[in-house]
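Trainee: Before anything else, here's the structure in question.
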Amino acid sequence: MRTLLLVTVVALLGMAHVPAEAAPVEIPVAAEGARPGPGGVASLDQAAAEARRRRGRDPRAAIVIALAPGTHRLAGPVRLGPEDGGSAEAPLVIRGPADGSARLVGSVRLDPVPIDPSLSARVPEAGRGQVRAYRLPQAARAPARIQAPIVLNGGPAPPAFEVFDAEGAMHPARWPAEGFAEVESGDGPAFTLAAVPRTLLRDEPDLWAEGYWRWGWLFEALPVVRSAPGGTGARLTLDRTPYEGIRPSAPVRLVHALAALDRPGTWWRDARSGILLAWPRGGEAVEVSVADALLAIDGAAHLRIESLRLAMARGDLVRVQGGRDVVIADSALSFAGGRGAVFAGTLDGGLRNCDVTATGAEAVLLSGGERRTLAPGGLYLRDSRLTGFARRQPTQAPAVTLDGVGAEVSGNVIRDSPAYAIHIRGNDHRISGNEIANLLAGATDTGAIYAGRDWTARGTVIAGNFLHDIRGDAGHEVKGVYLDDMASGFTVSGNLFLRVDQPVFIGGGRDNRIEGNVFVAASPAIHVDSRGQTWASDAVSDPQSELRAAFSAMPVASAPWRARYPGLASLLYDRPAVASGNVVTDNLVALGEPFRFTDGGSEAEQTLARNRGPAGPRPDLPALARSSVRPEDFAGLAEGTGLRLPTIPFARMRRERTAGAPFGR
């Protein structure tokens, strides 16, 4: 007993010399209009510099930059590099209050000034007394044009001049105010429009034309360099020819014309005088974006951005280049001229529990890992809500772009945009447990989840998702999962497709597995064509084609690739034009056509087994198929069919109430 007591005393004395874990060092940041308190600073830039100094003194310190409730304005991006961040045990944290009351914005607020009579005289009758004038700060007067051209393969979304009122993003005044006009004729970069008001073209140094010049899947916006009245309309010339030319009856509109400033929510800028004219909604004050980005993170590691509202940058809100373990959590990102968050060349990071809305282009880009070695990047988007994306660029700008290797998109709700949900490039991604709905209105020849033109972009799994209400209107056709132009090696398993046109569309590809899905009022459930043998044969036979170039770019004969994708190295010697080896099994199809084979697509080239309808009648099924959005209503359809369905999480497929920033639910 005496020995035990002695051991206990010695142990307690030893514990007394173990230092307690130090509390995080907090650097408070005062909001706009407030003075910094003791130990606080006036801006996020100053806080980052102070954190850098403290980290230099104690590399193990846990540091929190705490933004006070209110607005924090930036004229340019806060830059964080390798010397910033923290450690795996003590990451640098930049956060606001848990209720989301701290706003980090890249805008300036403007109040009205008297309007110049010469400009007032040009305002349409409907806008007189409603349109207000604002004097722009120098940062908002440049560049001379309101945006850069929006074109196919034009690179990342360029910074754009944008204006915001109490209801959100406004748009440049345009004609027609709703919808589009039709091109009468086009020749190179020149085209003719009928019924253009004569006043529309007067003294407009920054006039734009935008629309679907040749194809319904491509929206382009280009500056007008010449205009002249012609007959009952006008002849206009763009600064370049749109992709593959201008077709007669193409839907286009003219943008940024003072004579079209005739309704709320619109604006016009005179860069020469530095005057903005706008018709704001919900009060006279407006804000204009001036910062190209809010956070530019290059090479930093172990960084957390939490409980913030980030908004109103000309380009991307948050850019992360290189580095690792950078996480945006419990935050709302909105009103970017470009993208919400970009992770490029980064490892082991991403977004969780975020709202990303009203971005000009994509909501999120995740590109990480090394394709040549198939090393995964570990990037992710989890439990988030993505809505209203592609606001400025309604085509070629999905909610999420994936590239590289091994990204994860899980538990999100993606909805309410004219654009598509996910563009897949690269290998071995996982897309699971997402709700994807109400997309592609007015779009054509596109799909909610898209991949194409690369035989080597294999290994991605699309599983356990709920896709619903994705349908084309008159003259437009859309798809659910669109494996375009020889996309191969995908697994589509355990998904519920409800009211989705052409829910799984295999466009010439091979080695895809379509297993254990449920299709309700979604027809034809599975499409297979062999376009490489017919109208797309050049893509297969031409060594210079995009498809062949992508194949040549990857080391398909290397050990990692041979181990991961057996047979890929010999693809060019194995009837590459033929859509073959697709496995379609155990799928349930209700109230729809099960299969369609066209353009040389052959059932004999695939493996088809146990694809069936419900075992017995369900009197309530037609009504549910018309209006239900509850996956549970369809959970029992496979009973008695003998299908080998995977465990489909019907009860958890509806993500509306669980995804997104906590303060936004």
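Here the sequence shown stands for residues -22 to -1, 1 to 643, numbered as in mature numbering (1 follows the signal peptide of the UniProt record, and there is no 0).
For each residue, glycine too, the CB sits at the ideal point set by N, CA and C.
(1) Less than 8 Å separating the beta-carbons of V496 and I626?
(2) Checking 8 Å against the spacing of the C-beta atoms, do A319 and G338 come in under that value?
(3) Here's the rule: buried if 16 or more other CB atoms are within 10 angstroms of the residue's CB, otherwise exposed. What is V203?
(4) DSSP three-state call for D611: helix, strand or coil?
(5) Consult DSSP for Y221 and reduce its assignment to one of helix, strand or coil.
(6) Hey, could you find the ends of the alpha helix (DSSP H) S96 is sitting in?
(7) Using the Cα positions of R622 and G614, report the straight-line distance between them to the nearest angstrom.
(8) If I measure Cβ to Cβ from L286 and keep anything under 6 Å in the same chain, skipping five residues before and after, which residues do I get?
(9) Rounding to the nearest angstrom, what Cα-Cα distance links V305 and S345 in this structure?
(10) What's the C-alpha gap between T636 and G389?
(11) How close, in whole Å, do the beta carbons of A465 and E571 come, if the pair is a contact with beta carbons under 8 Å?
(12) With DSSP run on the structure shown, which of helix, strand or coil describes S345?
(13) Taking E265 as the reference, give the member of P137, L352, A118 with the closest Cα.
(14) Hey, out of I5, D361, R113, whose CA is closest to W246's CA?
(15) Can you determine whether any heavy atom of the ligand ATP sits closer than 7 Å to the C-beta of L171, and answer yes or no?
(16) Applying the criterion that 16 or more other CB atoms from any shown protein chain within 10 Å of the CB defines a buried residue, is E634 buried or exposed?
(17) Spatial neighbours of G243 within its chain, please: C-beta separation below 6 Å, excluding the five flanking residues on both sides.
(18) So that I know if they touch, is there some Cβ in chain C lying closer than 8 Å to that of A138?
(19) Using only CA atoms, which one of R350, L566, F573, Q371 lies nearest to R588?
(20) Taking 8 Å as the cut-off, decide whether the C-beta atoms of W186 and L196 are in contact.
(21) With a CB to CB cut of under 6 Å and the five nearest residues on each side skipped, what residues in its chain are close to R289?
(22) Skipping 5 residues on each side, what residues in its chain have a beta carbon closer than 6 Å to that of Y543?
(23) Could you pull the DSSP bridge partners for N405 from this structure?
(24) Around the C-beta of Y460, are 16 or more other C-beta atoms found within 10 angstroms, so that it is buried, or is it exposed?
(25) Over the uninterrupted alpha helix (DSSP H) stretch that includes R477, give me the two end residues.
(26) Have a look at P90 and Q108 and give me their C-alpha separation to the nearest angstrom.
(27) Could you give the C-beta distance for E188 and E198, rounded to a whole number, given that I count them as a contact under 8 Å?
(28) Pick out whichever of Q371, E348, N412 has its Cα sitting closest to the Cα of E386.
(29) Kindly list the residues whose CB is nearer than 8 Å to the CB of G642, restricted to its own chain and excluding five residues on each side of it in sequence; keep chain order.
(30) Among F483, A535, R31, which has the Cα closest to the Cα of T434?
(31) Hey, quick one: how far does the beta strand (DSSP E) through P207 stretch, first residue to last?
(32) Could you say if the region 293 to 302 and the region 164 to 180 meet the contact criterion of at least three C-beta pairs nearer than 8 Å?
(33) For a quick check, are the C-beta atoms of P154 and Y190 less than 8 Å apart?
(34) Could you tell me if A279 is buried or exposed, where buried requires 16 or more neighbouring beta carbons within 10 angstroms of its beta carbon?
(35) Give the range of the alpha helix (DSSP H) segment to which V266 is assigned.
(36) To the nearest angstrom, how far is it from the Cα of S519 to the Cα of K457?
Mentor: By the coordinates alone:
(1) In the sequence shown, counting from the first residue as 1, residue 496 sits at position 518. In the sequence shown, counting from the first residue as 1, residue 626 sits at position 648. The answer is yes: Cβ separation under 8 Å.
(2) Taking the sequence shown and counting its residues from 1, one reaches residue 319 at position 341. Taking the sequence shown and counting its residues from 1, one reaches residue 338 at position 360. Going by C-beta atoms, A319 is not nearer than 8 Å to G338.
(3) Looking up residue 203 in the sequence shown gives position 225. Exposed, by the Cβ-count rule.
(4) Working through the sequence shown from its first residue, we reach residue 611 at position 633. Reduced to three states, the DSSP call for D611 is helix.
(5) Here the question's residue 221 lines up with position 243 in the sequence shown. Note: Y221 maps to coil in three-state DSSP.
(6) Position 118 of the sequence shown holds residue 96. S96: member of the alpha helix (DSSP H) spanning 95 to 98, first to last residue.
(7) Position 644 of the sequence shown, counted from the start, is the residue given in the question as residue 622. Position 636 of the sequence shown, counted from the start, is the residue given in the question as residue 614. Our two residues, R622 and G614, have alpha carbons roughly 13 Å apart in a direct line.
(8) The sequence position of residue 286 within the sequence shown is 308, counting from 1. These residues qualify, in order along the chain: G74, A80, L82, S309.
(9) For this step, residue 305 is matched to residue 327 along the sequence shown. For this step, residue 345 is matched to residue 367 along the sequence shown. Computed Cα separation, rounded: 14 Å.
(10) Translated into the one-based positions of the sequence shown, residue 636 becomes position 658. Translated into the one-based positions of the sequence shown, residue 389 becomes position 411. Going by the C-alpha atoms only, they are around 9 Å apart.
(11) Here residue 465 is taken as the residue at index 487 of the sequence shown, counted from 1. Here residue 571 is taken as the residue at index 593 of the sequence shown, counted from 1. Between E571 and A465 the Cβ distance is about 22 Å, and since that is not below 8 Å, they are no contact.
(12) One-based indexing of the sequence shown puts residue 345 at position 367. Here S345 sits in strand by DSSP.
(13) Working through the sequence shown from its first residue, we reach residue 265 at position 287. It is A118.
(14) Here residue 246 refers to the residue found at position 268 of the sequence shown. Nearest C-alpha to W246: R113.
(15) As for the ligand ATP, it is missing from this structure, which has no ligand bound.
(16) On the sequence shown, position 656 is the one that residue 634 refers to. So E634 counts as exposed.
(17) The count along the sequence shown starts at 1 and reaches residue 243 at position 265. Excluding sequence positions up to five before and after G243, its CB lies within less than 6 Å of the CB of M148, R259, all in the same chain and listed in chain order.
(18) No chain C appears in this structure, which consists of one protein chain only.
(19) Within the sequence shown, numbered from 1, the residue matching residue 588 stands at position 610. Closest in alpha carbon position to R588, among R350, L566, F573, Q371, is L566.
(20) Stepping through the sequence shown from its first residue, residue 186 is reached at position 208. Stepping through the sequence shown from its first residue, residue 196 is reached at position 218. Between W186 and L196, the C-beta gap is not smaller than 8 Å, which leaves the two residues out of contact.
(21) Here residue 289 is taken as the residue at index 311 of the sequence shown, counted from 1. Looking at the sequence provided, one finds Ala at residue 289 rather than Arg. Answer for A289: V83, S312, F313, listed in chain order.
(22) By 1-based counting over the sequence shown, the position of residue 543 is 565. Taken in chain order, the residues that qualify are R436.
(23) Here residue 405 corresponds to residue number 427 of the sequence shown, with the count starting at 1. In DSSP, N405 forms a bridge with V383.
(24) Counted from its first residue, the sequence shown places residue 460 at position 482. It counts as buried.
(25) Numbered from 1 along the sequence shown, position 499 holds the residue referred to as residue 477. If you look at R477, you'll find it isn't in any alpha helix (DSSP H); it sits in the beta strand (DSSP E) that goes 474 to 478.
(26) Here residue 90 refers to the residue found at position 112 when the sequence shown is read from its first residue. Here residue 108 refers to the residue found at position 130 when the sequence shown is read from its first residue. Each residue's CA atom was taken as its position, placing P90 and Q108 some 12 Å apart.
(27) The residue given as residue 188 occupies position 210 in the sequence shown. The residue given as residue 198 occupies position 220 in the sequence shown. Contact annotation, E188 with E198: C-beta distance approximately 7 Å; criterion of less than 8 Å satisfied.
(28) As a first step, residue 386 is located in the sequence shown; it is residue number 408 there, counting from the start. Of the listed residues, the one whose Cα sits closest to E386 is N412.
(29) As a first step, residue 642 is located in the sequence shown; it is residue number 664 there, counting from the start. Non-local C-beta neighbours of G642 in its own chain, meaning closer than 8 Å and more than five positions away in sequence, comprise G78, A310, D333, R363, ordered along the chain.
(30) For the purposes of this step, residue 434 is taken as residue 456 along the sequence shown, with counting starting at 1. Comparing Cα positions, the closest option is A535.
(31) As a working note, residue 207 is residue 229 in the sequence shown. The continuous beta strand (DSSP E) containing P207 extends over residues 198 to 208.
(32) At 8 Å Cβ cutoff, the stretches do not touch.
(33) Taking the first residue of the sequence shown as position 1, residue 154 is located at position 176. Taking the first residue of the sequence shown as position 1, residue 190 is located at position 212. Taking 8 Å as the Cβ cut-off, P154 and Y190 do not qualify as a contacting pair.
(34) Position 301 of the sequence shown, counted from the first residue, corresponds to residue 279. The residue is buried, with at least 16 neighbouring Cβ atoms inside 10 Å.
(35) Translated into the one-based positions of the sequence shown, residue 266 becomes position 288. Looking at the DSSP string, V266 is not in any alpha helix (DSSP H); the run it does join, the beta strand (DSSP E), is 264 to 267.
(36) Looking up residue 519 in the sequence shown gives position 541. Looking up residue 457 in the sequence shown gives position 479. Rounded to the nearest angstrom, the gap between the Cα atoms of S519 and K457 is 27 Å.
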